[in-house]
Amino acid sequence: MSEKIIGVVAALIRDDSGRMLVVRKRGTEAFMQPGGKRDVGEDDLAALEREISEELGCRMVPGSAQALGQFNSVAANEPGWRVQASVYAVKVDGAIAPQAEIAEAIWINPTAPEAIVLAPLTRDHVLPLAAHGFSL
Numbered sequence: 001m002s003e004k005i006i007g008v009v010a011a012l013i014r015d016d017s018g019r020m021l022v023v024r025k026r027g028t029e030a031f032m033q034p035g036g037k038r039d040v041g042e043d044d045l046a047a048l049e050r051e052i053s054e055e056l057g058c059r060m061v062p063g064s065a066q067a068l069g070q071f072n073s074v075a076a077n078e079p080g081w082r083v084q085a086s087v088y089a090v091k092v093d094g095a096i097a098p099q100a101e102i103a104e105a106i107w108i109n110p111t112a113p114e115a116i117v118l119a120p121l122t123r124d125h126v127l128p129l130a131a132h133g134f135s136l
């Protein structure tokens with residue numbers, strides 16, 4: 001039986017002190033990277049721009065996206081599914097304010113994350129990248 005895969009884009013957003021932004025969707029427990037599924041006809045960067053605007057109420061700085069890689073992980077909110085994520089480090093402009101389906105957005109220290117539930121993609125792939133000092 002083949003795996004059920006959800007293709008997504010995800011953003012690693014860091015602040016000036018090196019913390020990384022994670023979000024939690026309404027009705028869920030796990031914090032994860034901002035991002036989501038591509039709409040029909042969207043490439044990765046167009047999807048990231050749209051998702052950042054929709055979820056965070058700010059905008060991605062043009063030309064700031066740097067590809068970090070493709071990662072496969074257990075989906076946090078869809079039992080029986082996996083995510084295939086294209087992860088990008090990006091800079092944002094404007095105040096970050098949870099929008100749409102986002103219940104909460106917090107900054108965490110990637111070398112000493114708080115006692116919160118992290119999505120497998122964030123915990124196993126993005127957090128180690130951020131903890132090893134990756135930044136733009």
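full-length UniProt numbering applies: residue 1 is where the sequence shown begins, and numbers increase by one.
We put the beta carbon where it would ideally sit given N, CA and C, even for glycine.
Since this is a predicted model, take the numbers as computed values, not measurements.
Counting along the chain, L127 sits inside the alpha helix (DSSP H) bounded by residues 127 to 131. Counting the other CB atoms within 10 Å of its CB gives K4 a total below 16, which places it among the exposed residues. About 16 Å separates the Cβ atoms of A30 and V87, ruling out a contact at the 8 Å cut-off. The C-alpha of P34 lies about 14 Å from the C-alpha of I108. Fewer than three beta-carbon pairs drawn from the stretch 91 to 99 and the stretch 68 to 75 are found closer than 8 Å, and the two stretches are therefore not classed as touching. Here R38 is not bridged, per DSSP, to any residue. Two segments are said to touch when three or more pairs of C-beta atoms, one from each, lie closer than 8 Å; by this definition the stretch 18 to 27 touches the stretch 99 to 108.
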